[in-house]
Amino acid sequence: MTGGAEAVTATREVATHCPYCALQCGMTLRATPEGKTEVLARQFPTNRGGLCQKGWTAAELLDHPERLTAPLIREGNTLRPATWEEALDKVADTIKRIQDEHGRDAVSIFGGGGLTNEKAYALGKFARVGLRTKNIDYNGRFCMSSAAAAGMKAFGVDRGLPFPLSDIGEADTLLLVGANVAETMPPFARYLTEQKQRGGTLIVIDPRLTTTARQATLHLQPTPGTDLALANALLHIALSEGWIDKDYIAARTTGFAEVRRTVASYWPARVERMTGVPVADLEAAARALACGGKTIILTARGAEQHSKGVDTVTAYINLALALGLPGRPGSGYGCLTGQGNGQGGREHGQKADQLPGYRKIDDPAARAHVAAVWGVDPDELPGPGPSAYELLDSLGTAGGPKAMLVFGSNPVVSAPRAAHIEERIKSLDLLVVADFVLSETAALADVVLPTAQWAEEDGTMTNLEGRVLRRHALREPPPGVRTDLAVIAELASRLGTGDRFTTEPRAVFEELRRASAGGTADYAGVTWERVDAEDGVFWPCPSVDQPGTPRLFADTFATPDGLARFLPVEHRPAAEEVDAEYPLYLTTGRVLAQYQSGAQTRRIGSLRKAAPNAFVEMHPDLAARLGVEHGDEVVVTSRRGQMRAPARLTETIRPDTVFAPFHWGGAARANSLTSDALDPTSRMPEFKVCAVKVEAA
Amino acid sequence: MKVVIVGYGMAGSRLAAELRDRGTDMKITVLGAEQHRAYNRIMLSSVLAGKVGERDVEITEAAGHGIDLRPGVTVTAVDRAARKLTTADGEQIEYDHLVLATGSRALVPPLAGLDTTNLPERVAVFRTLDDCRRILATADGARTALVLGGGLLGLEAARGLAARGLDVQVVHAVGHLMERQLDPGASAVLVRTLAGLGITAHLDAMASSVTAGPDSVTLGLAGGRELTADLLVVACGVRPETEMARAAGLAVERGIVVDDRMRTSDPAISAIGDCAQHDGVVSGLVAPAWEQARIVARVLAGVDPTARYRPLPVVTRLKAAGIDLAAMGAPAPEGAVAEELSFADPARGTYAKLTIVDERLTGAIMLGDNPAIGTVIQLFDRGAPVPIDRRALLLGRAIGGGAATPAESPALMPDAVTVCQCNTVTKGALAPGWRSGARPAQAVAAAPGATPGCGTCRDAVEGIVEWLSTVDSTEVAA
């Protein structure tokens with residue numbers, strides 16, 4: 050192995066993608082003769098040369114002083130450096146002991162939506178073939194699962210955007226539901242600007258007047274937890290006004306009659322009272338959606354991170370179907386995937402109920418196909434395991450896992466009801482964390498394995514459009530650092546299945562192609578060469594001589610009969626509504642300069658300067674009643690815990706609601722407050738609404 | 008347990024659905040007098056307007072899942088001792104618990120020449136889908152219509168008929184419209200608004216007689232004036248349907264008297280919706296009826312035996328093309344220290360009056376363009392404190408000001424203002440690039456990293472660069 054940055058003697062460049070969000074902006078990485086790594090903008094169809102501050106500064110973490118360059122092993126209250134041999138032996142030996150004593154399921158894996166397709170695939174395979182445990186899930190459960198489940202039900206397939214991003218800039222009417230793209234994926238806002246310049250209408254549904262909502266033609270500001278009722282009212286109005294597409298409904302869908310009868314009970318005045326959105330605004334929104342020509346409806350976490358997230362997304366899909374949008378050129382429904390590989394990460398088997406190619410693990414045909422690729426007996430594959438929160442909640446309990454291996458995730462900060470989850474994680478006999486910095490979760494580990502960063506690895510990512518992209522390594526990992534694939538292969542080898550795993554990402558991808566062949570997310574025809582040559586390839590792509598599929602649903606849906614499904618959905622209250630003791634809604638979210646649990650972005654100087662700490666956003670009227678001024682420390686309390694941060698006063702939020710970003714740990718951890726109520730289908734926790742009280746600290 | 012629900016209107020159908028969703032072992036029978044599937048009465052004015060068909064007002068059926076749904080069945084008697092019902096066909100149906108959701112019937116005032124039990128052709132009440140059919144049958148080919156009654160229901164009927172292109176006259180006995188909800192000022196603005204929609208209101212006009220002929224109907228007013236039209240809709244309010252309850256010996260006042268669990272004077276019988284009288288009030292609205300259904304379902308299903316009905320604040324809403332009216336609450340009680348806020352722009356049809364006691368909204372009337380209407384309704388509904396700056400409720404949006412604000416003048420913008428959100432570049436950070444000679448705007452912005460993110464700030468950056476050029480040239484000149 051060569052020696053990292055110092056070994057570079059001449060300028061070297063690679064065309065790759067940003068390590069952060071699902072937009073996966075194209076960027077050029079340049080290694081200078083002085084040993085620096087520079088980020089340059091790159092023209093790519095998604096970001097068209099734009100990058101946000103996170104992207105520009107992404108390389109600062111490569112040679113960061115806090116980067117881990119040796120494995121760590123816990124000794125009492127401290128973590129001491131160790132050799133790879135010692136660390137891997139310790140992990141493997143402890144896994145063997147725990148599985149001998151408590152069974153195979155006593156060891157679990159927690160993955161992440163930022164891992165490459167190759168890594169997500171290898172992790173899923175390692176769980177089923179190496180550890181033979183059913184207990185694997187990942188943080189994408191906290192991200193995409195509600196939209197994924199709703200998409201599967203309605204369309205028979207879950208691809209975030211069933212059309213390319215470029216369609217969005219050309220939409221006459223664009224509806225964003227709970228999406229603050231101006232902060233979460235800033236270069237996406239180019240499409241909003243383009244859409245506006247073309248004279249389009251932008252409607253934003255958000256309880257806050259966010260940076261994105263400020264750009265809207267029409268901003269609907271509902272009470273948190275009422276997005277579903279709002280969608281049903283929009284469909285009610287479209288029906289009453291005769292704006293639905295009857296021919297489309299007859300030719301391409303089933304189940305409309307029951308949805309029609311359901312939304313008949315969501316007359317605008319009733320929903321106005323539930324949501325606080327004026328009837329006139331509901332009518333204006335419905336008119337723009339129905340009568341605007343090309344219309345696109347997009348949901349994101351604001352609508353999805355609820356205990357009724359699947360039903361809420363379904364309500365917006367019902368609206369889109371009734372207006373005849375999915376499959377119509379330039380129109381449609383989509384969801385904005387969040388994490389870098391949130392799309393690919395949910396397709397290839399790191400999900401508890403899933404095998405590669407978006408196959409179901411309880412489907413005998415799927416098991417047979419994948420077992421053949423893996424060279425194992427289908428009967429040896431474990432069945433479905435519990436979802437992310439349920440898995441974390443069961444750690445260290447009588448019937449729960451005694452060990453967990455964490456890759457690319459920081460659940461101590463990002464899980465709901467985080468203080469409880471932290472306790473569960475602490476109760477494990479063995480916690481192994483593979484990461485490149487000492488995240489809050491890594492700090493609790495028994496063994497920490499330092500892993501390579503994005504600029505040091507080859508592989509593929511699948512962005513929010515379902516476009517498979519190539520990540521190119523610029524340099525070797527620094528000495529003492531190994532790739533996640535190497536970690537998996539080394540552990541497998543110590544556990545006796547080393548022959549089935551490889552450290553080579555291209556070899557893993559070739560196997561992934563075979564494993565996904567014939568599945569819903571079919572990558573069989575995708576090659577690394579094609580990805581480079583064609584600016585990415587959209588799945589499904591069943592063979593090398595076929596083009597990818599940028600636009601789905603033109604002629605048929607992926608359901609058995611080819612028709613899209615209308616499914617009636619009813620509003621129900623949030624799992625926890627406000628009351629006299631906890632009189633305010635809390636909603637959580639993101640700020641531009643930080644990413645997810647902040648483990649990476651909080652360590653970058655300019656991002657820390659832009660967003661130095663957590664805060665509690667509240668309306669000046671609420672602050673006045675609490676006797677709090679801008680910048681005063683406040684304590685926010687829910688039934689599950691507390692957080693402490695300075696108050697930030699703004700008139701852009703409802704006076705009955707406070708907002709806190711979730712990127713910070715410790716006393717400022719917003720997820721200490723959040724609710725662990727789960728969606729019955731997707732098992733998505735209710736991050737976006739719970740009841741709290743706020744006091745001056 | 009055998010539960011029988013009599014009535015399949017808004018209240019009865021909701022109760023059936025609530026019981027079904029709770030998935031208990033109850034055997035539920037629903038008897039509805041009307042022949043139709045369950046439908047949404049709220050939407051009938053849209054049917055009248057011709058905007059939707061009958062199918063479009065159907066609501067979710069509770070049928071299936073152990074629910075025996077029997078439309079077109081009239082109950083004639085209740086034998087409380089034997090816990091049995093008798094239907095018009097003579098069938099006997101046993102119950103362990105009976106829920107009366109019999110609703111109300113339209114009230115037809117005694118007018119000379121009008122047989123209230125057998126309305127002539129061209130005269131109709133407006134309450135059920137069948138009433139709608141009757142009105143539509145006559146309205147087809149009609150050019151003018153009279154509506155007797157200027158309350159909410161009468162105005163709903165009037166705007167429905169006006170939407171069909173009919174010339175509509177509303178006859179109201181009181182000096183202002185919707186007198187239970189509005190004050191005279193609001194009524195005056197509403198009369199003007201209605202006039203713009205082709206609806207004329209006759210106030211202080213007491214009807215005295217009806218003369219219905221084959222081609223027209225004439226309404227005689229006290230004082231001798233007569234109004235003639237092709238059609239007359241009588242919308243003079245409703246009476247709770249209590250006959251069967253009274254005959255069975257239940258306590259009945261204006262409605263069937265119920266307690267906080269919606270139990271009548273017989274604990275084996277509950278009543279909900281328009282027919283029920285709780286704490287002296289017969290509500291006649293959907294929201295309370297549905298809440299009552301929810302309470303009964305929770306109690307009967309054993310989910311929450313302690314559930315009690317607490318009356319909801321009443322919000323009256325009239326919203327149709329050209330009309331946007333909300334009324335809620337009441338004037339401040341005697342002796343209370345009340346704030347009254349008002350705004351009126353009669354020429355544009357806008358009127359708002361809010362009553363605030365102890366930082367809470369106790370009443371509001373809003374007519375016309377009131378962007379804060381959703382917030383006002385929620386503040387009233389939830390008893391939440393009103394904004395410190397009350398103007399937020401009367402003018403503009405209550406929360407957060409308007410949408411996108413136009414770019415501020417670069418000269419007035421403080422240096423610390425963030426120009427490029429994507430890369431957190433302030434106005435101040437742009438000046439060094441300019442001063443060091445960078446041109447054009449793109450180059451000025453490039454150094455600190457502005458504009459190559461989402462591109463949204465391009466205009467702002469160009470504006471600042473232009474301003475810098477002016478400032479600098481002034482400096483040079485000085």
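So the protein lines, in turn, are chains A and B.
Residue numbers for the first sequence, in this note's numbering: 50 to 746.
Residue numbers for the second sequence, in this note's numbering: 8 to 485.
Each residue gets a CB set at the ideal place from its N, CA and C atoms; glycine is no exception.
Proximity of residue i and residue j at Cβ, strictly below 8 Å
| i | j | result |
| --- | --- | --- |
| Arg519 (chain A) | Thr511 (chain A) | no |
| Pro433 (chain A) | Asp411 (chain A) | yes |
| Glu560 (chain A) | Val422 (chain A) | yes |
| Ile653 (chain A) | Glu109 (chain A) | yes |
| Ala231 (chain A) | Ala220 (chain A) | no |
| Gly515 (chain A) | Trp588 (chain A) | yes |
| Leu635 (chain A) | Ala694 (chain A) | no |
| Val328 (chain A) | Lys326 (chain B) | yes |
| Gly389 (chain A) | Tyr69 (chain A) | yes |
| Thr180 (chain B) | Ala212 (chain B) | Reading off the sequence, residue 180 (chain B) comes out as Ala, not Thr. The answer is yes: Cβ separation under 8 Å. |
Beta carbon proximity, residue i to chain B, threshold 8 Å
| i | result |
| --- | --- |
| Asp296 (chain A) | no |
| Trp40 (chain A) | Lying outside 50 to 746, the shown extent of chain A, residue 40 (chain A) is not represented and no answer is given. |
| Val226 (chain A) | no |
Pick from the options that is closest to residue i, judged by C-alpha positions
| i | options | result |
| --- | --- | --- |
| Pro528 (chain A) | A:Val536, A:Ala501, A:His620, A:Thr546 | A:Ala501 |
| Gly60 (chain B) | A:Ile185, A:Pro526, A:Leu288, A:Ala265 | A:Leu288 |
| Arg697 (chain A) | A:Asp360, A:Pro82, A:Ser592, A:Ala672 | A:Ala672 |
| Cys67 (chain A) | A:Val593, A:Gln102, A:Cys590, A:Thr60 | A:Gln102 |
| Ala80 (chain A) | A:Gly325, A:Asn96, A:His521 | A:His521 |
| Leu223 (chain A) | A:Gln649, A:Thr261, A:Pro235, A:Gly449 | A:Thr261 |
| Glu473 (chain B) | B:Asp422, B:Asn430, B:Cys429, B:Pro417 | B:Pro417 |
| Asp237 (chain B) | B:Ala144, B:Ala337, B:Ala113 | B:Ala144 |
Residue i burial status per 10 Å Cβ neighbour count (16 or more: buried)
| i | result |
| --- | --- |
| Ile263 (chain B) | buried |
| Gln643 (chain A) | buried |
| Leu370 (chain A) | buried |
| Gly104 (chain A) | buried |
| Gln264 (chain A) | buried |
| Asn126 (chain A) | exposed |
| Gly424 (chain A) | exposed |
| Ile395 (chain B) | exposed |
| Gln148 (chain A) | buried |
| Met8 (chain B) | exposed |
| Asp725 (chain A) | buried |
| His712 (chain A) | buried |
| His285 (chain A) | buried |
Same chain, Cβ closer than 7 Å to residue i, neighbours up to 5 away in sequence not counted
| i | result |
| --- | --- |
| Leu727 (chain A) | Ser356, Tyr438, Met733, Pro734 |
| Ser380 (chain A) | Lys343, Thr344, Ile345, Leu374 |
| Thr546 (chain A) | Val178, Gly179 |
| Ser349 (chain B) | Ala359, Lys360 |
| Glu25 (chain B) | Ala300, Arg301, Ala304 |
| Leu160 (chain B) | Phe133, Ala242 |
Residue i at chain A interface by Cβ criterion, 8 Å
| i | result |
| --- | --- |
| Ser111 (chain B) | no |
| Gly390 (chain B) | no |
| Asn125 (chain B) | no |
| Ala414 (chain B) | Here the model assigns Ala414 (chain B) a pLDDT of 47, short of 50, so the residue's position is not dependable, and the following value carries that caveat. So, not an interface residue. |
| Ser53 (chain B) | yes |
| Asp331 (chain B) | yes |
| Cys429 (chain B) | yes |
Own chain partners of residue i with C-beta closer than 6 Å, once the 5 adjacent residues on each side are dropped
| i | result |
| --- | --- |
| Ala467 (chain A) | Arg718, Asn720, Ser721 |
Chain-order list of residues whose beta-carbon lies under 8 Å from that of residue i (same chain, five-residue window excluded)
| i | result |
| --- | --- |
| Arg77 (chain B) | Thr36, Val37, Leu38, Gly39 |
| Met50 (chain B) | Val59, Asp63, Val64 |
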